[in-house]
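Residue numbers (this note's numbering), protein chains in the order written: chain A, 11 to 159; chain B, 977 to 1121.
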C-alpha cells in the first residue's frame, strides 16, 4: 500500500518535472519579437567644394535586420543628380529622386540573406541621371536568420 | 488500490515521455556558443551636405553584437554643434558632448533585440545644441542571440 503511494508520487513528480521542462525550454530560446526599424537613408556625395561630387555614397552603407523585421526607409537624395534605389530581391524601390527629393519605401525582411541595394538609374550626363560612379553606388542589407523557435 | 497506483504511474510515465518527445525534436546546439568578447567600437557624428540640406547622423548607423559581449563604445562629436547619444533599452547616455568632445560607454549586451539609439539633446539654436534634423539622428544596436 505505502509502496504503491510512493511509486505513484514518484511517477507524478517525474511527469511534473518533465512538463515543467517542456514549458521552460521554448521560453529560453524564444526570439525577441519582430520590430520596425525606422531610418532615413542619404544619397550623398564627396567632392571639391563648390563643384559636383566625384563619388557618391549611401549612409547607411549597411543595414542589418532580423528575419521578420519591418524596415521603413526614407531615402533622401542630397546629390546634384537624379538617382533611384532598389533593394534587389526584396522588391523595394524608390521613385526617381531629383536632387533634394525624398521617397519612402517599407518592406518586411522576410527571408534571410545579403541583399544589395543599388542605383537603378543608368548614368546619362545629357539627362542628368546618376553619375559616372553609378556602378559603385552599392550598399547591403543583411537579414539575419531568426534563432530556432 | 495497487492497481490504481500502477495505472497512475503508467499514465505519469506516458506524460513524461510525451513531454520529452514533445520538445519538437529541437536538435541540440551543433555549434558551441562563441565565448563572449569585448568589442571596442567607435561612433561619431557625421555631417553630410548637398542640395541645401545639411544632414547630421550617427555613424555608423547599425551596430551588431552578440548577447553577452562587452561593448566599449567611444562616442565622438566632431560637429560644430553639441549632441548627446542615448541608447534606449540599455538606458545609457553620454551626456552633452560639446564640439570636439568624446566619451566612452561600456556595457554588457545582456538583452537580445533591436535597440534604438538617438540624439538626446533637443535642438536649441540659442545654446548650440543639436540641429534641425535632430529627429533623424537615429540608428540601431542589434544584439543577436
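Note that the Cβ used here is the ideal one computed from N, Cα and C, for glycine as well.
Any C-beta of chain A under 7 angstroms from that of residue 1090/B: Yes, contact with chain A.
Determine the closest residue to residue 1037/B out of 119/A, 97/A, 47/A and 133/A, with distance taken between C-alpha atoms. 47/A
According to DSSP, residue 1106/B sits in a beta bridge with which residue or residues? Paired residues: none, contrary to the question.
I need the boundaries of the beta strand (DSSP E) containing residue 66/A, first residue and last residue. Element bounds for residue 66/A: 65–69.
CB of residue 1060/B within 7 angstroms of CB of residue 1071/B, strictly: yes
For residue 114/A, count neighbouring Cβ atoms within 10 angstroms of its own Cβ and tell me buried if that reaches 16, exposed if not. exposed
Of all Cβ atoms in chain B, is any one closer than 7 angstroms to the Cβ of residue 100/A? Cβ-Cβ to chain B under 7 angstroms: no for residue 100/A.
Determine, for residue 1116/B, whether the minimum Cβ-Cβ distance to residues of chain A falls below 7 angstroms. For residue 1116/B, at least one C-beta of chain A is nearer than 7 angstroms to its own C-beta.
Residues near residue 36/A by beta carbon distance below 6 angstroms, same chain, minus five either side: For residue 36/A, the predicted model reports a pLDDT of 46, less than 50, meaning its position is unreliable; a value from the coordinates is still stated below. Correct list: empty, nothing qualifies.
Cβ separation of residue 1091/B and residue 1064/B, assumed to be a contact under 8 angstroms, to the nearest whole Å: 6 angstroms
Under 7 angstroms, do residue 961/B and residue 1118/B count as touching if we go by C-beta distance? Outside the shown range of chain B, which is 977 to 1121, sits residue 961/B, and nothing can be said about it.
Using a Cβ-Cβ cut-off of 7 angstroms, state whether residue 144/A counts as contacting chain B. no
In its own chain, which residues sit with a C-beta less than 6 angstroms from the C-beta of residue 52/A, not counting the 5 before and 5 after it? 69, 86 and 88
Top-ranked residue by Cα proximity to residue 102/A, from 83/A, 93/A and 111/A: Of the listed residues, the one whose Cα sits closest to residue 102/A is 83/A.
Using only the alpha-carbon positions, how far apart do residue 126/A and residue 1096/B sit? Just so you know, the alpha carbons of residue 126/A and residue 1096/B end up roughly 32 angstroms apart.
Ignore the nearest five residues each way along the sequence and tell me which others in residue 1116/B's own chain have a CB closer than 8 angstroms to its CB. 1037, 1038, 1039, 1090, 1091, 1092 and 1093
Along the region 1019–1048 of chain B, where does the CB come closer than 8 angstroms to a CB of chain A? Name the residues. Among the residues of the region 1019–1048 of chain B, those with a Cβ less than 8 angstroms away from any Cβ of chain A are 1022, 1024, 1025, 1026, 1027, 1028, 1029, 1031, 1033, 1035, 1036, 1037, 1038 and 1040, in the order of the chain.
Can you tell me whether residue 124/A is buried or exposed, with buried defined as 16 or more other CB within 10 angstroms of its CB? exposed
Closest residue to residue 1046/B among 979/B, 1013/B and 1099/B (Cα-Cα distance): 1013/B
In chain order, what residues of the same chain lie with their CB nearer than 8 angstroms to the CB of residue 146/A, ignoring the 5 residues before and after it? 65 and 66
Among the residues of its own chain, which have a CB less than 8 angstroms from the CB of residue 1088/B, if the five just before and after it don't count? If we look at residue 1088/B and ignore the five residues flanking it on each side, its Cβ neighbours are 1043, 1119, 1120 and 1121.
Return the CA-CA distance between residue 38/A and residue 1086/B, expressed in angstroms with no decimal places. Unreliable placement is indicated for residue 38/A, whose pLDDT of 49 sits below 50; the coordinate value is still reported in the next sentence. When rounded, the distance between both Cα atoms is 14 angstroms.
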